[in-house]
Amino acid sequence: MKLTNSRLLNCKFWLDIFFPNRCPCCGKVIVWDRLLCEDCKSNLPFLDDTPWQMRYAEKAGESPFVFDYAVSAFAYEDIAVDGIYTLKNGIGANFAEYAGEILCDKLENDGKSRVDIVTAVPMSRRKKNARGYNQAELLAKHIAKALDLQTDFKILKRTSDSLEQHKLDSRQRHEFAQKIYYKNPKSAPIKDKAVILCDDVFTTGATMNKCSSILKDMGAKEVYCVSICCTDKKFSTPEE
């Protein structure tokens, strides 16, 4: 087999020799430069073009959303759930990259791709060390690279509270989010800037809303919330 220069320089190609590339949704071995297998691509629960205000409105409850726009790539169901869980287990980075491609198209189509900063919902240091990455930051990096934008992951911080959000109901999630996220006192100024805020799953919107509120209090002009999946109100919520 003749190797091209791009393959020689591509780390994925060489890693594939020792650690075969696998579809993050089904686990099937796939070609080194593919993100998902074709079967999973065709069976993912892509979200339709329902206006975001309608899709996310029922999740607000008693806390009106303060962000200016929200978008997700998939419904949190079927094989998208498998993709999220492999991502949370530290082995499904391909799923974040593939979702990033879908989300970039949506952002561009909706006229929301020209912003100043791309950031992410922060993760506790304990979980980040255990997982090897913050999946929200991973998504943010893919989006920023594709849209030629800057990232800044030093704007927001969170406490080391170890409570698992998937055990909380909607009201408890909103109360919990109010306590654990806060402004990084060493953050660079973001006054009058437009910000994309990334997370893996939009469940009740509590986390996104609190982080957006902090960004707005810091002077952000607009905040666009971007997530890989959005849960149905009746659907069981994912582990953080």
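Using our numbering, you'd call the opening residue of the sequence shown number 4 and step up by one each time. Ideal Cβ positions, reconstructed from N, Cα and C, are used throughout, including at glycine.
Buried/exposed call for residue i, threshold 16 Cβ in 10 Å
{"i": "ASP203", "result": "buried"}
{"i": "VAL32", "result": "exposed"}
{"i": "GLY95", "result": "buried"}
{"i": "ARG129", "result": "exposed"}
{"i": "THR53", "result": "exposed"}
{"i": "SER216", "result": "buried"}
{"i": "SER239", "result": "With a pLDDT of 47 at SER239, under the threshold of 50, the modelled position of that residue is not reliable, and the figure given next carries that caveat. SER239 should be labelled exposed."}
{"i": "ASN97", "result": "buried"}
{"i": "MET57", "result": "exposed"}
{"i": "ASP155", "result": "buried"}
{"i": "SER116", "result": "buried"}
{"i": "LYS189", "result": "exposed"}
{"i": "PHE70", "result": "buried"}
{"i": "ALA163", "result": "Checking the sequence, you will find Ser at residue 163 rather than Ala. Answer is exposed; the Cβ neighbour count stays below 16."}
{"i": "VAL121", "result": "buried"}
{"i": "GLY208", "result": "buried"}
Collapsed DSSP secondary structure at residue i in the structure displayed
{"i": "ASP235", "result": "coil"}
{"i": "TYR72", "result": "strand"}
{"i": "LEU11", "result": "Residue confidence for LEU11 is low, a pLDDT of 43 falling below 50, so the modelled location carries little weight; the figure read from the coordinates is stated next. In the structure shown, LEU11 sits in a helix (DSSP, three-state: H, G or I)."}
{"i": "ILE94", "result": "coil"}
{"i": "TYR227", "result": "strand"}
{"i": "LYS213", "result": "helix"}
{"i": "LYS186", "result": "strand"}
{"i": "ARG134", "result": "helix"}
{"i": "ARG25", "result": "strand"}
{"i": "THR240", "result": "Because THR240 carries a pLDDT of 49, less than 50, the predicted location of this residue cannot be relied on, and the following value inherits that uncertainty. THR240: coil per DSSP, three-state reduction."}
{"i": "MET221", "result": "coil"}
Terminal residues of the alpha helix (DSSP H) in which residue i lies
{"i": "ASP85", "result": "82 to 91"}
{"i": "MET57", "result": "55 to 60"}
Residue interval of the beta strand (DSSP E) (run including residue i)
{"i": "LEU159", "result": "159 to 161"}
{"i": "LEU200", "result": "197 to 205"}
{"i": "ILE33", "result": "Here ILE33 belongs to no beta strand (DSSP E), and DSSP marks it neither H nor E."}
{"i": "ILE120", "result": "120 to 123"}
Beta-carbon separation (whole angstroms), residue i vs residue j, contact threshold 8 Å
{"i": "PHE68", "j": "TYR59", "result": "7 Å"}
{"i": "LYS213", "j": "TYR184", "result": "5 Å"}
{"i": "VAL74", "j": "ASP113", "result": "7 Å"}
{"i": "ALA102", "j": "ALA123", "result": "13 Å between Cβ atoms; not a contact."}
{"i": "ILE87", "j": "ASN46", "result": "Not quite, the Cβ-Cβ distance comes to about 15 Å (not below 8 Å), so this is no contact."}
{"i": "ILE146", "j": "CYS228", "result": "Actually they are not in contact, since the Cβ atoms of ILE146 and CYS228 sit about 12 Å apart, beyond 8 Å."}
{"i": "LYS186", "j": "GLY222", "result": "With 8 Å as the limit, LYS186 and GLY222 do not qualify as a contact, their Cβ atoms being about 11 Å apart."}
{"i": "LEU142", "j": "ALA197", "result": "Going by Cβ atoms, the distance from LEU142 to ALA197 rounds to 18 Å, so no, they are not a contact pair."}
{"i": "ALA139", "j": "CYS107", "result": "That pair is no contact at about 16 Å."}
Counterpart residues of residue i in DSSP-defined beta bridges
{"i": "ALA191", "result": "Beta-bridge pairing links ALA191 to no other residue."}
{"i": "ALA78", "result": "CYS233"}
{"i": "PHE49", "result": "PHE77"}
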